[in-house]
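Under our numbering, the first residue of the sequence shown carries the number 594, and numbering increases by one thereafter. Please read the structure below before turning to the comments.
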Amino acid sequence: MISPKTLARIAGLSYLLMSVPFVFAVQVRSRLVDAGDAAATVENIRASATLFRIAFVADLVSGAWFLLTALALYQLLKHVHPLAAVAMAAFVAVSTAVGYLNTLNQFSALTIATSPQYTQAFGRAGSNALAMMFEDIQSNGLTIQELFWGMWLFPLGYLVIKSGYFPRLLGALLLVAGFSWVAQFFADFLMPAAPYFASFLGIGELIFAAWLVVKGVNVPASGASAPPVSRQIPMLFVNSTLPR
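And the structure:
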């Protein structure tokens with residue numbers, strides 16, 4: 594059986610390893626995609642096709658690390674509140690599924706930008722517009738993901754506060770990060786010109802990940818974590834039926 598400290602460090606490392614390829618992919622797209630110029634965007638993608646492909650793979654790797662993070666945290670915290678732990682993992686699973694489907698838009702933009710048959714079929718302006726359309730859809734998909742990046746932090750913050758494994762402040766920071774991502778989602782859809790702020794308010798996620806790696810968890814003095822609920826109920830039943 595994996596100890597709570599080991600699970601915490603697996604979760605923390607996965608959390609940090611998820612962030613690195615994600616930030617890389619975002620930086621590549623921000624450098625190559627010019628939202629106001631389809632022709633320049635296609636030319637940038639064509640000139641840096643290999644870099645664009647690496648960013649595509651980085652998104653896939655980031656999603657896999659995100660799933661591993663959620664699985665490790667679920668295993669670590671499910672005894673605190675099983676339903677909250679399931680909700681946390683479910684939001685991550687949905688976010689990852691949306692993200693993986695969304696990468697198809699990025700790959701479609703790359704295919705159109707680098708394949709001459711689309712220029713022959715639609716003309717230069719038409720193929721550029723088509724590639725830009727897929728990039729715009731990819732950007733909208735990221736906005737949808739922001740909702741789930743916030744939603745999974747609500748049950749996680751609750752579990753962190755209730756577990757006794759961590760300082761309660763960490764849970765509060767995660768809740769603040771969750772609200773910031775959800776607020777960013779609504780701001781992007783309702784007020785597109787509003788400044789981007791979630792990355793600043795979401796600093797609690799980085800602090801939590803670093804805490805998992807460096808500190809792990811505060812295990813109770815007995816050295817054992819609370820048993821899962823599914824095991825407690827049968828034992829209570831057996832004890833109640835034993836002859837006195």
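Just so it is clear, CB atoms sit at the ideal spot from N, CA and C, and this is done for glycine as well.
With the rule of 3 Cβ pairs closer than 8 Å, the region 677-691 does not count as touching the region 627-635. By the neighbour-count definition (other C-beta atoms within 10 Å, threshold 16), Y693 is an exposed residue. Counting every other CB atom within 10 Å of its CB across the protein chains shown gives V775 a total of 16 or more, marking it as buried. When the beta-carbon positions are compared, G764 and G743 stay at least 7 Å from each other. The criterion of a C-beta distance shorter than 7 Å is satisfied by S655 and M611.
Rounded to the nearest whole angstrom, the CA to CA distance from I603 to I796 is 20 Å. Unbroken beta strand (DSSP E) stretches of 3 residues or longer found wholly inside the region 647-674: none. Rounded to whole angstroms, the Cβ separation of V621 and L644 is 6 Å, and the two are in contact under 8 Å.
A straight-line Cα-Cα distance of about 7 Å links I730 and N698. The beta-carbon separation of S688 and F741, rounded to 4 Å, stays under the 8 Å limit for a contact.
Looking at F801, L783, K808, the one whose alpha-carbon comes closest to that of Y608 is F801. For F741, the enclosing alpha helix (DSSP H) starts and ends at 709-744.
By the C-beta density criterion, D630 is exposed, having fewer than 16 other C-beta atoms within 10 angstroms.
C-alpha of S756 to C-alpha of G809: approximately 13 Å in a straight line. Straight across, the Cα-Cα distance linking N695 with T704 is about 15 Å. In this structure, DSSP gives N811 a state outside helix and strand, which the three-state scheme calls coil.
With respect to the C-alpha of A702, the residue from G719, Q710, A724 having the closest C-alpha is A724.
Taking the Cα of V691 as reference, the smallest distance to any Cα among A618, Q668, L735 is reached at L735. By the Cβ neighbour-count rule, L762 is exposed, with fewer than 16 other Cβ atoms within 10 Å of its own. CA-CA distance, A601 to R639, rounds to 42 Å.
In this structure, A683 is the residue among V673, A683, F617, L670 with its C-alpha nearest to the C-alpha of L660. Each residue's CA atom was taken as its position, placing G605 and S623 some 27 Å apart. Taken in chain order, the unbroken stretches of alpha helix (DSSP H) that lie wholly in the region 607-653 and span 4 residues or more are 631-640.
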